[in-house]
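So for the sequence shown, UniProt numbering puts the first residue at 1; every next one is plus one.
By construction, the Cβ of each residue, glycine as well, lies at the ideal position given by its N, Cα and C atoms.
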Amino acid sequence: MRVIQATRLGGPEVLALADMPDPVPGPDQTLVDVEAAGINFADIKRIEGSYGATTTPFVPGSEVIGRTADGRRVMGFATNAYASKALIGDPVDVPDDLKPGQALALLVQGLSAWHLLRTAARLSPGETVVVNAAAGGVGHLAVQLAREFGAGRVIGTASTAEKRDLVLELGADAAVDGDADGYAERVVEAGQGRPADIVLDAVGGRVFEAALDALAPFGRLVTYGSSGGEPLPAVDPGLLTQRNISVTGYWLGGSLHLPGMTTPLRELMELTAIGRLRPLAGGEYPLADARRALEDLAGRRTTGKLVLIP
Numbered sequence: 001m002r003v004i005q006a007t008r009l010g011g012p013e014v015l016a017l018a019d020m021p022d023p024v025p026g027p028d029q030t031l032v033d034v035e036a037a038g039i040n041f042a043d044i045k046r047i048e049g050s051y052g053a054t055t056t057p058f059v060p061g062s063e064v065i066g067r068t069a070d071g072r073r074v075m076g077f078a079t080n081a082y083a084s085k086a087l088i089g090d091p092v093d094v095p096d097d098l099k100p101g102q103a104l105a106l107l108v109q110g111l112s113a114w115h116l117l118r119t120a121a122r123l124s125p126g127e128t129v130v131v132n133a134a135a136g137g138v139g140h141l142a143v144q145l146a147r148e149f150g151a152g153r154v155i156g157t158a159s160t161a162e163k164r165d166l167v168l169e170l171g172a173d174a175a176v177d178g179d180a181d182g183y184a185e186r187v188v189e190a191g192q193g194r195p196a197d198i199v200l201d202a203v204g205g206r207v208f209e210a211a212l213d214a215l216a217p218f219g220r221l222v223t224y225g226s227s228g229g230e231p232l233p234a235v236d237p238g239l240l241t242q243r244n245i246s247v248t249g250y251w252l253g254g255s256l257h258l259p260g261m262t263t264p265l266r267e268l269m270e271l272t273a274i275g276r277l278r279p280l281a282g283g284e285y286p287l288a289d290a291r292r293a294l295e296d297l298a299g300r301r302t303t304g305k306l307v308l309i310p
């Protein structure tokens with residue numbers, strides 16, 4: 001089978017096309033011919049070595065959609081996903097009319113958005129929710145789910161006017177520039193003078209600090225990444241106490257072993273089927289163009305779910 005390997009730790013330039021033997025299914029594993037492999041920001045972090053020690057070479061990726069030997073179209077979590085064949089556990093059937101990018105958007109990004117709002121932020125009806133990087137993979141679904149879950153006002157941040165227009169199209173009440181300078185003032189203005197009850201942030205750095213300033217009393221900032229390239233700053237517990245605010249973190253990969261964490265996928269599929277949730281299929285790249293795909297993702301030049309097509 002054809003695969004993409006990280007030949008060493010580093011940026012997308014370390015990726016190379018290679019041949020490997022077909023994988024052999026073990027207990028509770030299903031072999032699929034890969035229709036598409038999902039691309040996630042976590043793949044960039046793993047290739048960099050930011051997610052702990054990794055022996056090279058290795059095949060990145062964690063999710064695929066494909067066909068089983070008996071013709072079922074399924075998706076699921078996989079290791080070594082950047083490949084023409086992959087092994088998955090607990091396969092989920094996918095309708096033929098759903099684009100691969102739309103389906104895979106629900107797996108990592110959709111589950112992440114669901115848990116960010118429900119499990120980590122504990123959204124209550126009527127609260128003001130701010131979604132940073134709202135045109136991205138998790139962000140565009142979080143905007144829609146916040147509305148679905150009863151948020152009183154949904155505000156998205158994005159770096160360009162085109163992306164902000166998309167955020168409004170997806171149902172946000174307002175869309176503002178996500179730059180750290182003037183962030184809190186723009187958020188409060190977009191909230192009609194009301195600070196945010198919840199901010200979902202995967203940008204980090206100065207944007208994270210600015211988001212703290214935008215929180216209302218008892219507001220919650222949920223951090224789930226640092227795609228801006230700046231490290232997450234230290235948080236003074238005294239500041240949290242004085243302002244009655246909190247910071248919590250969420251990572252889907254670190255929670256999947258817990259009971260029930262994938263159960264919301266059924267709800268996400270149902271909402272998509274009835275048209276109340278619109279997962280955006282982003283760019284489709286040939287498997288051999290994995291380097292370009294990750295460069296585009298890292299450069300924040302994309303919207304929606306990116307996939308590799310073997």
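Going by DSSP, what residues sit across from residue i in a beta bridge?
i	result
Lys-15	One point to set straight first is that residue 15 is Leu, not Lys, in the sequence displayed. Leu-15 pairs with Ala-6.
residue 316	Since the displayed the chain opens at 1 and closes at 310, residue 316 lies outside it and no answer follows.
Leu-215	Ala-196
Ala-37	Val-64 and Leu-308
Ala-175	Gly-156
Phe-58	Ala-6
If you compare alpha carbons, which of the options is closest to residue i?
i	options	result
Asp-177	Thr-7, Ala-134 and Thr-128	Ala-134
Lys-45	Gly-275, Pro-231 and Asp-289	Pro-231
Leu-210	Trp-251, Glu-185 and Pro-23	The sequence shown places Ala at residue 210, rather than the Leu named in the question. The candidate whose alpha carbon is nearest that of Ala-210 is Glu-185.
Arg-266	Gly-38, Thr-55, Ser-227 and Gly-76	Gly-76
Asp-213	Ile-198, Leu-141 and Ala-81	Ile-198
Gly-191	Ser-227, Trp-114 and Leu-215	Leu-215
residue 358	Leu-107, Pro-60, Ser-50 and Gly-49	With the chain running from 1 to 310 in the structure shown, residue 358 is simply not present.
Thr-79	Val-14, Gly-38 and Asp-289	Gly-38
Ala-142	Leu-104, Leu-168 and Leu-200	Leu-200
Ala-16	Phe-149, Gln-5, Glu-48 and Leu-168	Gln-5
Val-24	Leu-87, Leu-240 and Lys-305	Leu-87
Ser-124	Lys-85, Ala-113, Gly-150 and Leu-111	Gly-150
Leu-287	Ile-309, Asp-296 and Lys-305	Ile-309
Gly-204	Gly-229, Val-188, Gly-193 and Thr-7	Gly-229
Gly-11	Lys-305, Arg-292 and Thr-303	Arg-292
Asn-3	Leu-268, Arg-194, Ala-298 and Ala-83	For clarity, residue 3 is Val in the given sequence; the question names Asn instead. Minimum Cα distance to Val-3 is reached at Ala-83.
Leu-268	Ser-62, Tyr-51, Leu-294 and Gln-102	Gln-102
Ile-47	Arg-300, Val-247, Ala-290 and Gly-193	Ala-290
Following the continuous beta strand (DSSP E) through residue i, name the residue where it begins and the one where it ends.
i	result
Val-143	Taken as a continuous stretch (DSSP letters only), Val-143 belongs to no beta strand (DSSP E), being part of the alpha helix (DSSP H) at 137-148.
Asp-197	196-201
Glu-169	Where Glu-169 is concerned, there is no enclosing beta strand (DSSP E), although the alpha helix (DSSP H) it sits in stretches over 161-169.
Met-75	73-77
Gly-101	Careful: Gly-101 lies outside any beta strand (DSSP E), inside the alpha helix (DSSP H) at 100-105.
Ser-246	246-249
Leu-87	85-88
Thr-128	128-131
What's the call for residue i, buried or exposed, on a 16-neighbour Cβ count within 10 Å?
i	result
Leu-256	exposed
Asp-96	exposed
Asp-43	buried
Gly-26	exposed
Thr-272	buried
Gly-118	The amino acid at residue 118 is misidentified as Gly; the sequence shows Arg. Looking at its Cβ environment, which holds fewer than 16 other Cβ atoms inside 10 Å, Arg-118 is exposed.
Asp-236	exposed
Pro-60	buried
Ile-274	exposed
Pro-233	exposed
Glu-127	buried
Phe-218	exposed
Asp-173	buried
Gly-282	buried
Gly-71	exposed
Arg-122	exposed
The alpha helix (DSSP H) that contains residue i, what's its start and end?
i	result
Leu-280	Taken as a continuous stretch (DSSP letters only), Leu-280 belongs to no alpha helix (DSSP H), as it is neither H nor E.
Glu-48	41-48
Gly-238	237-243
Ala-184	183-190
Ala-273	264-273
His-115	111-115
Checklist entry - Given 8 Å as the limit, is there contact between the segment 64-84 and the segment 21-40, that is, 3 or more CB pairs closer than that? => result The segment 64-84, when compared against the segment 21-40, does touch it at the 8 Å Cβ threshold.
Next on the checklist: Measuring CB atoms only, is the segment 177-197 touching the segment 143-160, in the sense that at least three cross pairs come out at less than 8 Å?
Outcome noted: Verdict: yes, contact present.
Next on the checklist: Can you confirm whether the segment 122-140 touches the segment 82-94 when touching is taken to mean that 3 or more C-beta pairs between the two stretches lie within less than 8 Å?
Outcome noted: The answer is no - the segment 122-140 does not touch the segment 82-94, with fewer than three Cβ pairs under 8 Å.
Checklist entry - Looking at C-beta atoms only, is the number of pairs between the segment 241-259 and the segment 269-283 that lie closer than 8 Å three or more? => result No: fewer than three Cβ pairs fall under 8 Å.
Next on the checklist: With three or more C-beta pairs closer than 8 Å as the rule, is the segment 239-253 touching the segment 218-226?
Outcome noted: Yes, the segment 218-226 touches the segment 239-253.
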